[in-house]
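Line by line, the protein sequences give chains A and B. Numbering-wise (UniProt numbering), the first sequence opens with residue 1 and increments by one. Numbering-wise (UniProt numbering), the second sequence opens with residue 1 and increments by one.
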Amino acid sequence: MNILVCGVGGQGVLLFSDIISNLALRNGLDVKKSEVHGLAQRGGSVTSHIRFGPKVYSPLIEEGTADAVVAFERLEALRYVHFLCPSGRLFYDSHRIDPLPVSIGTAERVPDDQIEARLAARAPRRQMVPAFKTALELGNVRVQNTVMLGAVSSCLGFPDESIKQSLTELVKPAARELNLKAFAVGQAISACP
Amino acid sequence: MTRKLLSGDEAVARGAWEAGCRVAAAYPGTPSTEILEAISTYKDIYSEWSTNEKVALEVALGASISGARALAAMKHVGLNVAADPFFSAAYIGALGGFVIVTADDPGLHSSQNEQDNRFYGLMARVPVLCPSNSQECRDYTMRAFAISEEFDLPVLIRLTTRVAHSSGIVEVGERTEVPLKPYEKKVTKNAILPAFAKVRHVDLEKRIDRVAALSLQDEFNRIEPGSVDLGIISDGVCYHYAREVYPDASFLKLGMVWPFPGETVRRFAATVKELLVVEEVDPFIELQVRALGLKVTGKDRLPRTNEMSQRALRLSMGLPAEKAEPETGVTARPPALCPGCPHTGIYFALQNQKAFIGGDIGCYTLGVMPPHSGMDTCVDMGASITVAHGTDKALGATDQRPHVAIIGDSTFFHSGVTGLINTVYNKSNVITIISDNRTTGMTGHQNHPGTGQTLMGSFGTIIKPEEIAKACGVKTVVVVDPYKVKETRKVVRELLAKKEPAVIVNRRACALHIRLHNPPFKVDPEKCDGCKTCIRLGCPALSFDNGKAHITATTCVGCGMCADVCPEGAISASPKSNVQSPKSSAGSPS
Ligand code: SF4
Ligand code: SF4
Numbered sequence: 001m002n003i004l005v006c007g008v009g010g011q012g013v014l015l016f017s018d019i020i021s022n023l024a025l026r027n028g029l030d031v032k033k034s035e036v037h038g039l040a041q042r043g044g045s046v047t048s049h050i051r052f053g054p055k056v057y058s059p060l061i062e063e064g065t066a067d068a069v070v071a072f073e074r075l076e077a078l079r080y081v082h083f084l085c086p087s088g089r090l091f092y093d094s095h096r097i098d099p100l101p102v103s104i105g106t107a108e109r110v111p112d113d114q115i116e117a118r119l120a121a122r123a124p125r126r127q128m129v130p131a132f133k134t135a136l137e138l139g140n141v142r143v144q145n146t147v148m149l150g151a152v153s154s155c156l157g158f159p160d161e162s163i164k165q166s167l168t169e170l171v172k173p174a175a176r177e178l179n180l181k182a183f184a185v186g187q188a189i190s191a192c193p
Numbered sequence: 001m002t003r004k005l006l007s008g009d010e011a012v013a014r015g016a017w018e019a020g021c022r023v024a025a026a027y028p029g030t031p032s033t034e035i036l037e038a039i040s041t042y043k044d045i046y047s048e049w050s051t052n053e054k055v056a057l058e059v060a061l062g063a064s065i066s067g068a069r070a071l072a073a074m075k076h077v078g079l080n081v082a083a084d085p086f087f088s089a090a091y092i093g094a095l096g097g098f099v100i101v102t103a104d105d106p107g108l109h110s111s112q113n114e115q116d117n118r119f120y121g122l123m124a125r126v127p128v129l130c131p132s133n134s135q136e137c138r139d140y141t142m143r144a145f146a147i148s149e150e151f152d153l154p155v156l157i158r159l160t161t162r163v164a165h166s167s168g169i170v171e172v173g174e175r176t177e178v179p180l181k182p183y184e185k186k187v188t189k190n191a192i193l194p195a196f197a198k199v200r201h202v203d204l205e206k207r208i209d210r211v212a213a214l215s216l217q218d219e220f221n222r223i224e225p226g227s228v229d230l231g232i233i234s235d236g237v238c239y240h241y242a243r244e245v246y247p248d249a250s251f252l253k254l255g256m257v258w259p260f261p262g263e264t265v266r267r268f269a270a271t272v273k274e275l276l277v278v279e280e281v282d283p284f285i286e287l288q289v290r291a292l293g294l295k296v297t298g299k300d301r302l303p304r305t306n307e308m309s310q311r312a313l314r315l316s317m318g319l320p321a322e323k324a325e326p327e328t329g330v331t332a333r334p335p336a337l338c339p340g341c342p343h344t345g346i347y348f349a350l351q352n353q354k355a356f357i358g359g360d361i362g363c364y365t366l367g368v369m370p371p372h373s374g375m376d377t378c379v380d381m382g383a384s385i386t387v388a389h390g391t392d393k394a395l396g397a398t399d400q401r402p403h404v405a406i407i408g409d410s411t412f413f414h415s416g417v418t419g420l421i422n423t424v425y426n427k428s429n430v431i432t433i434i435s436d437n438r439t440t441g442m443t444g445h446q447n448h449p450g451t452g453q454t455l456m457g458s459f460g461t462i463i464k465p466e467e468i469a470k471a472c473g474v475k476t477v478v479v480v481d482p483y484k485v486k487e488t489r490k491v492v493r494e495l496l497a498k499k500e501p502a503v504i505v506n507r508r509a510c511a512l513h514i515r516l517h518n519p520p521f522k523v524d525p526e527k528c529d530g531c532k533t534c535i536r537l538g539c540p541a542l543s544f545d546n547g548k549a550h551i552t553a554t555t556c557v558g559c560g561m562c563a564d565v566c567p568e569g570a571i572s573a574s575p576k577s578n579v580q581s582p583k584s585s586a587g588s589p590s
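Written out as structure tokens, the structure reads:
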């Protein structure tokens, strides 16, 4: 199974992929995860590749072979949608964070309806998840990634209990309750497209 | 045996701990930073952030000379800084096992070049191990300590970003305490004066020949027989890419790439019809295979730049690949200074100054981008001051522009101090700005001499850049608060106008480090006249829509810089907030 996670620095992409790789380890699979650190975290585009199965060689997913792309931001979904295999699933947050060149006026914003149309053409199996909005309603935008985790959980092929265990293990004790709530809300939002 | 999910960096740390390492030193640098961060969690190892890589390597060398197992870690360009002692260390050898880790960055995810440090081993005559995944990172590190002691040599481990920052399952064990080897004073070995070094060089060649014999039998260089049509020689993560693209081929997987296992390669070549070398960046293996007189496909087909990947391999070898062209016209999302970043204030103050600005390495390098366009050059750690000195010397008399250097606090301690001394000694008019955000921001907030806090958690003397500047003989030294943007700008303009040597320290804690989150500021659309002054700050929370500035509440951390610069007074703290916008005591609107 190949999952590509993408978003903007600071959105919790790395924690999200830690939880999934931990799950694979727990469930006795081989797993590799590869991510970009450093400069890219300063509000830049961030990706994480997760691969698990009986035996994994490369830590990188090849373009056109991802079973799922999980995007925490709309424009990032468009940037990485070409990683999907033809039957792959796209989960994406409609939340928009303008890149700096757009907010200081040196680049044009790609219109939302255009992004929608282009995503539709490339990813017939897709599900919009309002994870950012939901997290905001829950009182903390930082659980956006947990809402997203809830939303994709049914496609991962792991038991619910195992996912929750991995989640509680990796978030700070003080944030556990809120995260479990965010996970449940995420689950309610989505089914596998 | 326990199974853990570890990154390559964490696995190196684990291997060092299990191997009984006692001393570890590094300067942070992506993708090597996490090695020392992980080592610092093992309390049996003395660990430190050294002021730079040369210092780190020498600290570890000293520990090894005294009989302890020791490790130094750095990113690829860090080994350039440490190259001086690295070459000498090969002559000296190792009493306690001595391992140096270089984390190369093919694809320049976060670096100024993509140099291939396998060549350093060849040039300094130091064995080079290239692990391909996390398990090998742990195993090779342990073996490296043993080889180092057995052959009286330092050992270089070369990681790349994809090995350092990928996580995989690692079977780990427990620590074996390795007693200190009894130290004996041996000046002919440890003091490489010309007369002694001559002898040591001859000895080094003998030691290397003995390792060469090991590389032939050792488990590092493994033949995996497959189809006789194609034989692939590969090292590091490229081996895994090639395995996926050519599941049926025969493989020679190299773990020790220098001394080069020539006989193994010959033996392998004899079993296959064609040879292909798959490696990242430079043709290191390929050159040596060719030197054996063998015919081989390599960089004549495969790329010499950027990272290798399954797809890059398929496309360059003309193999079918999935149709997966990226979408066009997707606006780039370059990294930017964080909301509330104190560097923002100083770059704003430097805007439109018609100055030559020498830049340096750190978060503030992002100030090279619009809207700041705040530097003319970026070369390496510390070069801001020295390059500005050079331009001042070359152009000073004829040039109307002030010559300015901008450097961060950690970089200043790393290699700025010598440059500053040089400007005073050689009388230049460079104005040095030390952008002191109280941490090493770029690599994830490591401590340094200016914070007084060590990697192992103790707290001591805080070393202040302004006091160093004074001690270096700089007469004009000013400390400003970059959140008071207008005031900072006034000071900067005054000093730049004088074109005399000066040091400005702009001090404010990194917003990400202290997790600044005051209630968001607001723009009053009635008062905003669309002048875009605040937009020029380049704060990611600020945008411009329908002729008015706008603040994204979820992004704004409430630093108040935008309120300070707004000439219309249109920006203010939200009513709920108890934060005041910083008042300028001496500011004039532009
Ligand atoms: S991490 Fe700190 S220093 Fe770096 S851009 Fe963000 S606020 Fe500025
Ligand atoms: S107060 Fe202004 S400058 Fe500071 S983070 Fe908020 S919008 Fe950016």
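Glycine included, each C-beta is placed from N, C-alpha and C at the ideal position.
- Taking 8 Å as the CB threshold, G255/B stays off the interface with chain A.
- Rounded to whole angstroms, the Cβ separation of H240/B and Y57/A is 4 Å, and the two are in contact under 8 Å.
- Under the Cβ criterion (8 Å, minimum of three pairs), the segment 76-87 of chain A does not count as touching the segment 101-109 of chain A.
- Collapsing the DSSP output to three states places M442/B in coil.
- Taking the Cα positions, P339/B is about 16 Å away from G362/B.
- Under the Cβ distance rule, S166/B counts among the residues neighbouring chain A, one pair being separated by less than 8 Å.
- If you check the CB distance, A38/B and T141/B do not come in under 8 Å.
- Short note on L542/B: C-beta not closer than 7 Å to any heavy atom of ligand 1.
- For I19/A, the closest Cβ of chain B is not nearer than 8 Å.
- At a beta-carbon threshold of 9 Å, the residues of chain A lying near I535/B are S103, I104 and G105, ordered along the chain.
- Residue pairing of R126/A in beta bridges, as defined by DSSP: L90/A.
- Contiguous beta strand (DSSP E) elements confined to the segment 481-534 of chain B occur at 502-507 and 521-523, taking only those with 3 or more residues.
- Relative to the non-hydrogen atoms of ligand 1, the Cβ of R42/A comes within a distance shorter than 7 Å of at least one.
- Beta-bridge partners assigned by DSSP to E48/B: A25/B.
- For A70/B, the uninterrupted beta strand (DSSP E) run begins and ends at A70 to K75, by DSSP.
- Residue contact check for E327/B against chain A: a CB pair falls below 8 Å.
- The beta carbons of L23/A and F158/A sit closer together than 8 Å.
- Contact of D113/A with chain B is not assigned, every C-beta pair being separated by 8 Å or more.
- With the criterion set as a beta carbon lying under 9 Å from some beta carbon of chain A, the members of the segment 307-337 of chain B are E307, S309, Q310, R311, R314, A321, E322, K323, A324, E325, P326, E327, G329, V330, T331, A332, R333, P334, P335, A336 and L337, in sequence order.
- For F83/A, the C-beta contacts it makes with chain B under 8 Å involve A324, in order along the chain.
- If you check the CB distance, A56/B and Y91/B do not come in under 8 Å.
- Any Cβ of chain A closer than 8 Å to the Cβ of L79/B would place that residue at the interface, and such an atom is absent.
- Per the Cβ contact rule, the segment 537-553 of chain B is not in contact with the segment 373-387 of chain B (fewer than 3 Cβ pairs under 8 Å).
- The C-beta of Y425/B comes no closer than 8 Å to any C-beta of chain A.
- Distances from the alpha-carbon of E279/B to those of F151/B, P127/B, C21/B and P106/B put P106/B closest.
- Residue contact with chain B for V110/A: present (Cβ-Cβ distance below 8 Å to some residue of chain B).
- Taking all protein chains in view, the Cβ of D113/A is surrounded by fewer than 16 other Cβ atoms within 10 Å, so the residue is classified as exposed.
- In the DSSP secondary-structure assignment, F52/A is bridged to V31/A.
- In the displayed model, K4/B falls within a strand according to three-state DSSP.
- Contact between the segment 450-459 of chain B and the segment 414-421 of chain B is absent: fewer than 3 CB-CB pairs across the two stretches fall below 8 Å.
- With fewer than 16 other Cβ atoms inside 10 Å of its own Cβ, A394/B counts as exposed.
- Residues of chain B with a Cβ closer than 7 Å to the Cβ of L78/A are, in chain order, E327 and V330.
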